[in-house]
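In what follows, a single structure is set out as structure tokens and then discussed.
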Amino acid sequence: MKDRLEQVLKKFSSQCDYLEVHIEETEESRVQFTGEQLTDLGKKVDFGGNVRALNKGGWGFASFNSVDRIEEFAQHAIDQAKLVGKDRSQLADVEPVRDDVPLDLKSDPREVPLERKVEIFRAYNKQVLDHHEEIASSSVRYFDRFHKRWFGSSEGAMVYQERVDLGGVVAAMTARDGDSQSFWSGFGSTDDFGVALGLEGKITEACDVAVEKLDAPKVKGGEYTVILDPRLAGVFVHEAFGHLSEGDNVYEDKNLQKVMVLGREFGRPFLNVYDTGLDKGLRGHVVYDDEGVRTEKTYLITDGKLSGRLHSRETAGKMGERPTGSARCIDYRYPPVCRMRNTCIEAGDSSFDDMIAGTKLGIYAITASGGQTNGEMFTFTAGTAFMIRDGKLAERVRDVTLTGNVFKTLKDIDMLGDDLSIHDGPGGCGKAGQFPLPVSDGSPHIRIQNVVIGGE
Amino acid sequence: MKKIIEKALAKGAERCEVFYLNSLETEVEYEASKLKNLSNTEETGFALRLVKDGRMGYATTTKADGLDRLVDDAIATSACGETAEFAFASASDVAGAKLVDDRIKALSIEEMMQRSEDAIAKVLDYEGEINAESGTKRRIQTTSVTTSEGFESTQERTLYQFYVGGRLIEGDNMLDAGGYYGGTSMDDGGSKLVDEAIEDFRNGRTNVNVTGGPTTVILTPRAVADVMLTMNYGVDGSIVERGISPLAGKLGETIFDERVSLYDDGLMESGYSTALFDDEGVPMQRTALIENGVLRSFLTDLRTAAKLDLPLTGNGLKLKRLIQTKELGKMPTTEITNWEMTGGETPYAELLAGVSDGVIVDSIMGIMMGNLVAGDFSGNVAFGLKVEGGKIVGRVKDTMIAGNIYKLLKDQLVDLSSEVTRVGLMGFIGSHHYPHLLLRDVSISSKG
Chain A
1 MKDRLEQVLK
11 KFSSQCDYLE
21 VHIEETEESR
31 VQFTGEQLTD
41 LGKKVDFGGN
51 VRALNKGGWG
61 FASFNSVDRI
71 EEFAQHAIDQ
81 AKLVGKDRSQ
91 LADVEPVRDD
101 VPLDLKSDPR
111 EVPLERKVEI
121 FRAYNKQVLD
131 HHEEIASSSV
141 RYFDRFHKRW
151 FGSSEGAMVY
161 QERVDLGGVV
171 AAMTARDGDS
181 QSFWSGFGST
191 DDFGVALGLE
201 GKITEACDVA
211 VEKLDAPKVK
221 GGEYTVILDP
231 RLAGVFVHEA
241 FGHLSEGDNV
251 YEDKNLQKVM
261 VLGREFGRPF
271 LNVYDTGLDK
281 GLRGHVVYDD
291 EGVRTEKTYL
301 ITDGKLSGRL
311 HSRETAGKMG
321 ERPTGSARCI
331 DYRYPPVCRM
341 RNTCIEAGDS
351 SFDDMIAGTK
361 LGIYAITASG
371 GQTNGEMFTF
381 TAGTAFMIRD
391 GKLAERVRDV
401 TLTGNVFKTL
411 KDIDMLGDDL
421 SIHDGPGGCG
431 KAGQFPLPVS
441 DGSPHIRIQN
451 VVIGGE
Chain B
1 MKKIIEKALA
11 KGAERCEVFY
21 LNSLETEVEY
31 EASKLKNLSN
41 TEETGFALRL
51 VKDGRMGYAT
61 TTKADGLDRL
71 VDDAIATSAC
81 GETAEFAFAS
91 ASDVAGAKLV
101 DDRIKALSIE
111 EMMQRSEDAI
121 AKVLDYEGEI
131 NAESGTKRRI
141 QTTSVTTSEG
151 FESTQERTLY
161 QFYVGGRLIE
171 GDNMLDAGGY
181 YGGTSMDDGG
191 SKLVDEAIED
201 FRNGRTNVNV
211 TGGPTTVILT
221 PRAVADVMLT
231 MNYGVDGSIV
241 ERGISPLAGK
251 LGETIFDERV
261 SLYDDGLMES
271 GYSTALFDDE
281 GVPMQRTALI
291 ENGVLRSFLT
301 DLRTAAKLDL
311 PLTGNGLKLK
321 RLIQTKELGK
331 MPTTEITNWE
341 MTGGETPYAE
351 LLAGVSDGVI
361 VDSIMGIMMG
371 NLVAGDFSGN
381 VAFGLKVEGG
391 KIVGRVKDTM
401 IAGNIYKLLK
411 DQLVDLSSEV
421 TRVGLMGFIG
431 SHHYPHLLLR
441 DVSISSKG
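Going line by line, the protein sequences match chains A and B.
Per the numbering used here, the first sequence starts with residue 1, numbered consecutively.
Per the numbering used here, the second sequence starts with residue 1, numbered consecutively.
Below is the structure:
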């Protein structure tokens, strides 16, 4: 395959400023139970590639399944780049890498027979359905993927990477008088099938929460002091800040550059936020990004001040900043764009007990069913939550959806826990039509003042 | 396709179904008011469902020389697959079908560029500080379903998508506005999308505060599409089967205000999800979901229809729930096509003029994270405008809206506009027609 890439690069490189070729082969297995039914049990082979050409600042891109016609598509991409480009190409310099990245696994999902996987998840599914009479349904989902990716560029880079990615979720749905609630436990890894095993305890907890949520009153809308658990705080930092630090939002927008100037104060002096691809085993682990740039740990906020952003070679080049190895795509059908990897808030020195004790009226929000941002404002929903009254955890409440504003809410973080933990789930991040991209996030418990909660 | 069926039968399958996809897509993207990217996507793939020893097996491939592996994978999964309790499509009169707009087929890259350039020029003409973006995309797609029971059909569809919008940053204030069209024909309403985006920029530049509490709210057709995402689950036969749909067991009952009628229309003129048959070879149709407030039907795929003993509605689709993904992998399951809610009798201008104190909600962020199955929604008002004395006075920010669709359309509906507007949500399935809805006592929370 490398020879084929070299041939194409050699033949076409002289026609444009920069050319890259990706080929990818993925094998996937999936198991899904929905209620009593095994609703999906499938295998997938996905083979395809793309050619991306840059000429005078304009990009041409062609993706394809018919890999035997790669030269035709390369010509397409180049012709289109020529049509677009009217300016000049600016890619930040990197050392062209020639490397092979083989698998390094703790426990290989490919060695577990499909029958065994079905058995494991059938047992979890049964555990959920048998747990309580008010559990009406379940959803148990598992996937594993084995990727082989070849990348070559006209600058001489040639990288072959193998990667395993797996994840899943076990969810319980409860129903009573037309009302329904759910809770779940998720997992994910890039090197260990073991994370899918021994989940019985977590599943029992999830089922109990789903049942208890039926009794929980809806939260009353308004402004509250909120304590986020590490899972929810991880989603918070991803949505509240991570996306705005992606270089492609900023590099062509002069007004946003004024707002997002390095050194601007976003939080109090104890707030530090980073994004890293270095943590092995996490779904946000990356060795080389999809432009062949080695990954790193990038500080986004240092001592409360904006200190970095997530760059592709182009956004770094145009802004005169350092590339961070953050150009990622979900698969060969898409060009790489600036994305997060594993985004974390660093630990502080408060204990969880002190946070609760110091809160007169507030909400303790636990885990997230998702989050979204439009740049300035963001929103996310807690999986479950409790009221805090007079410094103590009180009754469980439901339907806790929070909103915030990047320019205000980060400054309202007034306590950081000493208990950083990092999480993976089966989902991923969506951007520019590319969903789901595997990412991780982490945080300690955090406390935020003046958060708007939706509700009646 | 026949060859795959022969191979599968030779390896012991009792019956099988092959789905084939081929699509060619061309996209023009403008970013920061400039042409940024041109792309082409060629996709070819096969999905095989088969029944062996009474059990279902499933596999997909995009590797043209990987068909033996495809059959082996499907056979392997059948060893632990579910008991197959439904039949694949059998011989039918839907043989070959075309849903082709020749204008889309003939559309050149230059023309696509021109469309986006014109739209951007208009946006910049209103305000040069806007970071404008636009894209034009066209796709020519062929799908076919072939079964061992003699069903064989191929359909060709053309798809056209266009968006225009931008971001205006003034100080720390970010204002996004834009419009999107997606359909099987090219009728995107010309410059209407641009005009609407400019009107949103105009209305949204001044921020005003809003007090929380029960509030009179107008949902625009776009926001109606947002909150109706919750209903997708309620009427989904597979959710009904699992006993978690709030609508289970309520066929024939009045669930909404009698002015509410709602249709799933797989045959909607130029709709994005319009096709002649679904991904299981079942003819698509217009299905009355709610008529005059009465629940009339649930949506089904082959498996769900057999399980619940309900009529087939042609909703067995391979696209992932709600989100359009370029992927072949998923088994066909019940998905919505294009939705239409019929309008009321009051013109929108009159509806608006009658609001003495309220909020227009135009788009809601985070709707997907709520307890959709129960019909609950809660999210940030991504674009909302305050109304005083029947007039728009400015934009509301840092504000949440929450509610439940089954209460909203039953007890809180004041009126529906007579105009019904086509909306598509970028990245989501379908083209939908909705009126503006005037609602009472909707819960709004805000920094105030």
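Built from N, CA and C at the ideal position, the CB exists for glycine as well.
Buried versus exposed call for residue i [16 or more other C-beta atoms within 10 Å across all chains shown]
i        : result
B:Ala192 : Position check: residue 192 of chain B holds Lys in this sequence, whereas Ala was assumed. By the neighbour-count rule (16 or more Cβ atoms within 10 Å), B:Lys192 is not buried but exposed.
A:Ser351 : exposed
A:Gly455 : buried
B:Met369 : buried
A:Leu271 : buried
A:Lys43  : buried
B:Gln114 : exposed
Any C-beta of chain A under 8 Å from that of residue i
i        : result
B:Pro246 : yes
B:Thr211 : no
B:Asp376 : yes
B:Lys397 : yes
B:Thr142 : no
B:Ile290 : no
B:Met231 : no
B:Asn380 : yes
B:Gly366 : yes
B:Arg321 : Note that B:Arg321 has pLDDT 46, beneath the 50 cutoff, so the model's placement of it is unreliable and the number below is only indicative. Not closer than 8 Å to any Cβ of chain A, the Cβ of B:Arg321 fails to qualify, so no.
B:Glu31  : yes
B:Gly384 : no
Sequence-distant residues of its chain with Cβ nearer than 8 Å to residue i (five each side left out)
i        : result
B:Ala305 : Phe86, Gly237, Pro311, Leu312, Thr313
A:Arg264 : Lys305, Leu306
B:Arg395 : Leu175, Asn203, Gly204, Arg205, Thr206, Asn207, Val208, Phe383, Gly384, Leu385, Lys386
A:Val439 : His238, Arg283, Gly284, Arg339, Met340, Arg341, Asn342, Thr343, Gly428, Cys429
Close beta carbons around residue i, own chain, < 6 Å, minus the five adjacent residues each side
i        : result
B:Phe162 : Thr136, Tyr181, Asp188
A:Lys318 : Gln90, Tyr251
B:Glu340 : Tyr263, Asp265, His433
Contact set between residue i and chain B, taken where Cβ atoms lie within less than 8 Å
i        : result
A:Ile453 : Met400, Ser445
A:Gly375 : Arg167, Met174, Asp176
A:Val84  : Leu35, Lys36, Asn37, Leu38
A:Gln37  : Glu82
A:Asp40  : Tyr58, Lys330, Met331
A:Leu410 : Ordered by position in chain B, no residue passes the 8 Å Cβ test against A:Leu410, which lies about 13 Å from the chain.
A:Gly222 : Gly212, Ser445
Proximal chain B residues relative to residue i, where beta-carbon distance stays under 9 Å
i        : result
A:Met173 : Arg242, Gly243, Ile244, Val373
A:Val45  : Ala59, Thr60, Thr61, Thr62, Lys63, Gly66, Arg69, Leu70, Asp73
A:Asn55  : Ordered by position in chain B, no residue passes the 9 Å Cβ test against A:Asn55, which lies about 11 Å from the chain.
Test: residue i CB closer than 8 Å to a CB of chain B
i        : result
A:Ala206 : no
A:Phe241 : no
A:Ala136 : yes
A:Gln372 : yes
A:Phe407 : yes
A:Leu114 : yes
A:Asp48  : Contrary to the premise, residue 48 of chain A reads as Gly rather than Asp in this sequence. Yes, A:Gly48 counts as interfacial toward chain B.
A:Thr225 : no
Residues that residue i contacts on chain A, provided the C-beta gap is smaller than 7 Å
i       : result
B:Asp53 : What B:Asp53 touches in chain A: nothing, since even the nearest Cβ is about 14 Å away.
B:Pro43 : Residue identity differs from the one stated: residue 43 of chain B is Glu in this sequence, not Pro. Near B:Glu43 (Cβ distances below 7 Å), the residues of chain A are Asn65.
Contact list for residue i against chain A, beta-carbon separation under 9 Å
i        : result
B:Ile109 : Gln80, Leu83
Proximity test, residue i beta-carbon vs the ligand HEM heavy atom, cut-off 7 Å
i        : result
A:Asp165 : This structure lacks the ligand HEM; in fact it carries no ligand of any kind.
Contact list for residue i against chain B, beta-carbon separation under 7 Å
i        : result
A:Ser369 : Met369
**Study point:** Proximal residues, the stretch 59-75 of chain A versus chain B, C-beta separation under 9 Å
**Key:** For the stretch 59-75 of chain A, residues whose beta-carbon sits nearer than 9 Å to a beta-carbon of chain B comprise Trp59, Gly60, Phe61, Ala62, Ser63, Phe64, Asn65, Ser66, Val67, Asp68, Arg69, Phe73.
Exercise for review: Give, in chain order, every residue of the stretch 56-87 of chain B whose Cβ lies closer than 8 Å to some Cβ of chain A.
Suggested key: Taking 8 Å as the Cβ-Cβ cut-off, the stretch 56-87 of chain B approaches chain A at Met56, Gly57, Tyr58, Ala59, Thr60, Thr61, Thr62, Lys63, Ala64, Gly66, Arg69, Leu70, Asp73, Ala74, Ala76, Thr77, Ala79, Cys80, Gly81, Glu82, given in chain order.
Exercise for review: May I ask you to list, following chain order, the residues of the stretch 247-271 of chain A that have a beta carbon less than 7 Å from some beta carbon of chain B?
Suggested key: Sequence-ordered contacts of the stretch 247-271 of chain A with chain B read Glu252, Asp253, Asn255, Leu256, Val259 [C-beta pairs closer than 7 Å].
Exercise for review: Could you list the residues in the stretch 173-198 of chain A with a C-beta less than 9 Å from some C-beta on chain B, going in chain order?
Suggested key: For the stretch 173-198 of chain A, which is checked against every Cβ of chain B, the residues closer than 9 Å are Met173, Thr174, Ala175, Gly178, Asp179, Ser180, Gln181, Ser182.
Check your understanding: Of all the residues that make up the stretch 114-142 of chain B, which are near chain E by a beta-carbon distance shorter than 9 Å?
Key -> Here the protein chains are A and B, and chain E is not one of them.
Exercise for review: Taking a Cβ distance cut-off of 7 Å, strictly less, list which residues of the stretch 373-401 of chain A are near chain B, in chain order.
Suggested key: The residues in question are Asn374, Gly375, Glu376, Met377, Thr379, Phe380, Thr381, Asp399, Thr401.
Practice item. Can you give me, in chain order, the residues of the stretch 327-354 of chain B that have a beta carbon less than 9 Å from any beta carbon in chain A? Key: Residues Glu327, Leu328, Gly329, Lys330, Met331, Thr333.
Check your understanding: What residues from the stretch 322-355 of chain A come within 8 Å of chain B, judged by C-beta to C-beta, listed N to C?
Key -> The residues in question are Arg333, Pro335.
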